[in-house]
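In what follows, a single structure is set out as structure tokens and then discussed.
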Amino acid sequence: MNLTEIGKSGAWTLRRATTGGKVLMCDAYEITGSEQALRIQVGYGDARIAFMGYATAMNDRPMRVKLWWDNNRAQSQVVQMTLEPDPTGEMWRTYHAATDEPDGNFDALANLSVIHFTYAVPGEGEFTQSFPLGGSNAVVKTLSACAFPQDVGETGGTATETADASATASTIPADCELTVRGRTYINGRCTYHPGDGGSFQIDGGDYFAQLDVTSRGQGEAHWNGTPGSTHAQDYLGPVTRQGACWTGPGVRICARALSVAATAAAVAAQPNGMMMNPDFAPNTCVGVEGELTDGATPVLHNCQIPGDLIFLTTPDGTLSIDKHPELCIDLEAPGMMKPAQLVLTTCSSATQRWHWLGQSPNGGMVRSDNGTCWTIPQLDTDPNFPFPWVINVAPCTTAAGGVSFSLSRD
138 MNLTEIGKSG AWTLRRATTG GKVLMCDAYE ITGSEQALRI QVGYGDARIA
188 FMGYATAMND RPMRVKLWWD NNRAQSQVVQ MTLEPDPTGE MWRTYHAATD
238 EPDGNFDALA NLSVIHFTYA VPGEGEFTQS FPLGGSNAVV KTLSACAFPQ
288 DVGETGGTAT ETADASATAS TIPADCELTV RGRTYINGRC TYHPGDGGSF
338 QIDGGDYFAQ LDVTSRGQGE AHWNGTPGST HAQDYLGPVT RQGACWTGPG
388 VRICARALSV AATAAAVAAQ PNGMMMNPDF APNTCVGVEG ELTDGATPVL
438 HNCQIPGDLI FLTTPDGTLS IDKHPELCID LEAPGMMKPA QLVLTTCSSA
488 TQRWHWLGQS PNGGMVRSDN GTCWTIPQLD TDPNFPFPWV INVAPCTTAA
538 GGVSFSLSRD
């Protein structure tokens, strides 16, 4: 095993452990005093919170510890913390976070200010070891990005590169359910967006739900209610946590972690390019409904992040598809009663090439070498028609008044 220090973030030191070019785990630790330190570890199917403090290594038996946050000792949680070594052999009292569902303690670690560990010292009574959590939100995101890279060698990338990658690592593929009044709207793979204090959002494409934690095991739920709506404006009422699910009268919201192999595959497959938004509707994106495959049709729909981060550009603005160099954006042959529309196809010498004419942060039209531009005919025919909307092409001189698109990461 090769252990490499990959950088620092405030008081935190970040490391990556690899073997044979594969990441085993990434961790970060902060030292607050003599033999006093806090450690966070993230790996496939494994997340840990560990500390060392006064008398924590007196014996190797599991230790009962009250874990609590900020000034909220009344909501302390009793956990068993085992004495375990890190890759250098240092011994830490270790809590293993749940990996089969989102873990509230790990969410709190990223969003609260102080973590406390209260435990009994034989012959001396109760002792509390506390650690500030300044910068922990960024550290947790960076560790997630570090632990689930596309490909990394023994030396890996820099800490800056890892931090940049954390933008998409803050969304997690999960197995989700959204059932409202007896009808199931999400059932299967979704995108899980962790929030502050254990709150989260699940996004299945047309429908999404927001769960806001109000106290331990209690929360309130909202959802968008209408397919394509971009706001969770419909109140679903109070909910109570039951394992990986939150339930209430007529509502069930679940977010379960995928297997280690499925998580690794899903994270590696997530696009990491830029999203394209028409300037007239910045909350919508150009993307595909389903997989990025030969024959898929780019459309305009509500943004699905990271699913719509599919575009790359060369310095001259030529568009390509992230992680799919074999695919190009071409034209589906027009029919008798419809104009040509966009389609993904296997690249060849005859494939159409498209150029984005904008300059970030300003938008621009998308133009081909033969003078045609992307258009959105629904703007003229029925702007209230539900998504997805077809994207057609027309001569740039008449292209629906010149639809301008922007490219960005967020």
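In terms of the working numbering, the sequence shown opens at residue 138 and continues consecutively. The beta carbon of each residue, even a glycine, is placed where N, CA and C say it ideally should be.
Rounded to whole angstroms, how far is the Cβ of residue 357 from the Cβ of residue 363, which I believe are closer than 8 Å?
-> To locate residue 357, count along the sequence shown from 1; it is residue 220. To locate residue 363, count along the sequence shown from 1; it is residue 226. The pair is not a contact, with the Cβ atoms about 20 Å apart (cut-off 8 Å).
At a cut of 8 Å, does the stretch 190-210 reach the stretch 246-262 through at least three beta carbon pairs?
-> A contact exists between the stretch 190-210 and the stretch 246-262.
CB of residue 158 to nearest heavy atom of the ligand SAH: below 8 Å?
-> For the structure depicted, the ligand SAH is absent and the ligand set is empty, with no information on it obtainable.
Could you tell me whether the stretch 331-339 touches the stretch 477-496, using the rule of 3 or more Cβ pairs below 8 Å?
-> Segments in contact, no.
Endpoints, alpha helix (DSSP H) assigned at residue 273 = On the sequence shown, residue 273 is found 136 positions in, with the first residue counted as 1. In this chain, the alpha helix (DSSP H) harbouring residue 273 covers 273-284.
Are the beta-carbon atoms of residue 425 and residue 413 separated by less than 9 Å?
-> If you number the sequence shown from 1, residue 425 lands on position 288. If you number the sequence shown from 1, residue 413 lands on position 276. No. Outside cutoff.
What's the C-alpha gap between residue 263 and residue 211?
-> Start at 1 with the first residue of the sequence shown, and residue 263 comes out as number 126. Start at 1 with the first residue of the sequence shown, and residue 211 comes out as number 74. Distance between residue 263 and residue 211, taken at the CA atoms: about 16 Å.
Flag this pair as yes or no: are the beta carbons of residue 478 and residue 530 separated by less than 9 Å?
-> Start at 1 with the first residue of the sequence shown, and residue 478 comes out as number 341. Start at 1 with the first residue of the sequence shown, and residue 530 comes out as number 393. Cβ distance < 9 Å, so residue 478 and residue 530 count as in contact.
Integer-rounded CB distance, given that residue 266 should sit under 8 Å from residue 188 = The residue given as residue 188 occupies position 51 in the sequence shown. The residue given as residue 266 occupies position 129 in the sequence shown. Yes, residue 188 and residue 266 are in contact; Cβ-Cβ is about 6 Å, under 8 Å.
Those residues which DSSP pairs with residue 460 across a bridge | What you label residue 460 is simply residue 323 of the sequence shown in a count that begins at 1. Beta-bridge partners assigned by DSSP to residue 460: none are found.
When DSSP labels each residue in this structure, what does residue 533 get in the three-state scheme?
-> Residue numbering aside, residue 533 sits at position 396 when the sequence shown is read from its first letter. In the three-state reduction of the DSSP assignment, residue 533 falls in the helix class, which pools H, G and I.
May I have the straight-line CA-CA distance separating residue 175 from residue 273, to the nearest angstrom?
-> As a position in the sequence shown, residue 175 is number 38, starting the count at 1. As a position in the sequence shown, residue 273 is number 136, starting the count at 1. Taking the straight line from one Cα to the other gives about 11 Å.
Per DSSP, what kind of secondary structure is residue 184 in: helix, strand or coil?
-> Here the question's residue 184 lines up with position 47 in the sequence shown. The answer is strand: DSSP assigns residue 184 an E or B state.
Using only alpha-carbon positions, find the residue among 232, 384, 540, 180 that is nearest to residue 284.
-> In the sequence shown, residue 284 corresponds to position 147, counting from 1. Distance from the Cα of residue 284 is smallest, within the candidate group 232, 384, 540, 180, for 180.
In whole angstroms, what is the alpha-carbon distance linking residue 228 and residue 221?
-> The residue given as residue 228 occupies position 91 in the sequence shown. The residue given as residue 221 occupies position 84 in the sequence shown. Distance between the alpha carbons of residue 228 and residue 221 is about 5 Å.
Would you identify the three-state DSSP class for residue 524, choosing helix, strand or coil?
-> The residue labelled residue 524 in the question sits at position 387 within the sequence shown. Collapsing the DSSP output to three states places residue 524 in coil.
Over what stretch of residues does the alpha helix (DSSP H) that includes residue 241 continue unbroken?
-> Along the sequence shown, read from residue 1 onward, the residue named residue 241 stands at position 104. Note, residue 241: alpha helix (DSSP H), 241-248.
Taking the C-alpha atoms as reference points, what is the distance between residue 172 and residue 258?
-> Looking up residue 172 in the sequence shown gives position 35. Looking up residue 258 in the sequence shown gives position 121. If I take the Cα positions, the gap works out to 16 Å.
Identify which residue in 484, 190, 199, 457 has its Cα closest to the Cα of residue 216.
-> In the sequence shown, residue 216 corresponds to position 79, counting from 1. Of 484, 190, 199, 457, the residue nearest in Cα terms is 199.
Measure the alpha-carbon distance for residue 177 versus residue 166 and round it to whole angstroms.
-> Numbered from its first residue, the sequence shown carries residue 177 at position 40. Numbered from its first residue, the sequence shown carries residue 166 at position 29. Using only the alpha carbons, I get a separation of about 6 Å.
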